[in-house]
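Novice:
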Amino acid sequence: MQVRINKYLALCGLASRRKSDEILASGGVRINGRPAKIGDTVDPDKDTITYKGEQLLPENRYEYYIVNKPMGVISTAKDEFGRKNVVSMVNSEQRLFPIGRLDQDSTGLIILTNDGDLALKLTHPRYHLPKVYEVTTEEPVSDEQLEKLAKGVAVYDKKTLPAETERIGYDSFRITLFQGMKRQIREMCKDVGLTVKMLNRISIGPIELGNLRVGKSRMLTQEEVWQLKSEEFSA
Numbered sequence: 550m551q552v553r554i555n556k557y558l559a560l561c562g563l564a565s566r567r568k569s570d571e572i573l574a575s576g577g578v579r580i581n582g583r584p585a586k587i588g589d590t591v592d593p594d595k596d597t598i599t600y601k602g603e604q605l606l607p608e609n610r611y612e613y614y615i616v617n618k619p620m621g622v623i624s625t626a627k628d629e630f631g632r633k634n635v636v637s638m639v640n641s642e643q644r645l646f647p648i649g650r651l652d653q654d655s656t657g658l659i660i661l662t663n664d665g666d667l668a669l670k671l672t673h674p675r676y677h678l679p680k681v682y683e684v685t686t687e688e689p690v691s692d693e694q695l696e697k698l699a700k701g702v703a704v705y706d707k708k709t710l711p712a713e714t715e716r717i718g719y720d721s722f723r724i725t726l727f728q729g730m731k732r733q734i735r736e737m738c739k740d741v742g743l744t745v746k747m748l749n750r751i752s753i754g755p756i757e758l759g760n761l762r763v764g765k766s767r768m769l770t771q772e773e774v775w776q777l778k779s780e781e782f783s784a
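Per our numbering, the sequence shown starts with residue 550, numbered consecutively.
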């Protein structure tokens, strides 16, 4: 995955992006042995980037995981009632926390990290990170109901942002949200006369649940982390 050299320097902790441009202009940075210049792009998995002879690697103090949350597990870092939470599903010595939440009765993808800056970015209202869910309802779903959900409905006296819907079966559909509200999908369905029976999140931005089994976790690849840190999702 290609990334601008000034952003790479910032992710390595060398300097801010603005200061990185000044460092590039000084001529101390090299890409595969050649002097780097402002505007260059690099592939962290293939290129060797050095500064004054020392190889630069992204800061490794952060950890990133995805979890396939089972039903009944809560999506908080701790619980005063001692209920099982998603953080306990990962073997890490870091103080991890979830980015966003899922209801206790919902299942699927949750991202865990100790990177507060990334968490802030992905949950900030100015970023509309798409999240995809598969929904099964107690009642058959009509095309009219799917259209209403896509256009936006009233939740907590506020109209939801437009969404994307796709039918899966007579009582199931896929919905892509670009905002996060408490129990949003359940409340949206309630507004159009539907009762949610099963709710499963399958992707957050570029990160997909894939074939990760329920109750299991895995670390994100370096490329997945880079994709999450990219600016593709800014408003």
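Virtual Cβ for every residue (Gly too), placed ideally from N, Cα, C. Keep in mind that this is a model prediction, so the values were computed, not measured.
In this structure, does DSSP put SER783 in helix, strand or coil?
Specialist: Caution is warranted here: a pLDDT of 44 is assigned to SER783, below 50, making its placement in the model unreliable, and no coordinate value can be reported.
Novice: Along the beta strand (DSSP E) that carries THR662, what are the first and last residues, could you check?
Specialist: THR662 -> beta strand (DSSP E) spans 656-662.
Novice: Any idea which residues DSSP pairs THR725 with across the strands?
Specialist: The partner list for THR725 (beta bridge, DSSP) reads VAL681 and GLU713.
Novice: Find the nearest neighbour of GLY621 within the set LEU563, GLY764, GLU773 and PRO711, judged by alpha-carbon distance.
Specialist: When each option's Cα is compared against that of GLY621, the closest is GLY764.
Novice: Where do the ends of the alpha helix (DSSP H) carrying ARG567 lie?
Specialist: That run of the alpha helix (DSSP H) goes 566-575.
Novice: So for ALA703, helix, strand or coil by DSSP?
Specialist: ALA703: strand per DSSP, three-state reduction.
Novice: Do GLY742 and GLN776 have their C-beta atoms within less than 9 Å of each other?
Specialist: Contact: no.
Novice: Buried or exposed: where does SER783 fall if 16 or more other Cβ atoms within 10 Å of its Cβ makes it buried?
Specialist: At SER783, the pLDDT of 44 sits below 50, so the modelled position is not reliable; the number obtained from the coordinates is stated separately. Its Cβ having fewer than 16 others within 10 Å, SER783 is exposed.
Novice: Could you compute how far the alpha carbon of PRO593 sits from the alpha carbon of VAL684?
Specialist: Each residue's Cα considered, the two are about 37 Å apart.
Novice: If I follow the unbroken alpha helix (DSSP H) through ASN555, where does it start and stop?
Specialist: Residues 554-560.
Novice: Quick one: any contact between the stretch 627-635 and the stretch 710-729, if contact means 3 or more CB pairs under 8 Å?
Specialist: Taking 8 Å as the limit for Cβ pairs, the verdict is that the stretch 710-729 does not touch the stretch 627-635.
Novice: Distance, Cα to Cα, GLY759 vs MET737?
Specialist: Rounded to the nearest angstrom, the two C-alpha atoms are 26 Å apart.
Novice: According to the neighbour-count rule (16 or more other Cβ atoms, all chains shown, within 10 Å of its Cβ), is LYS618 buried or exposed?
Specialist: It counts as buried.
Novice: With a 10 Å radius around its C-beta and 16 neighbouring C-beta atoms as the bar for buried, classify TYR705 as buried or exposed.
Specialist: Exposed: under 16 other Cβ atoms inside 10 Å.
Novice: Would you call the CB atoms of LEU560 and LYS778 closer than 9 Å?
Specialist: For LEU560 and LYS778, yes; Cβs fall inside 9 Å.
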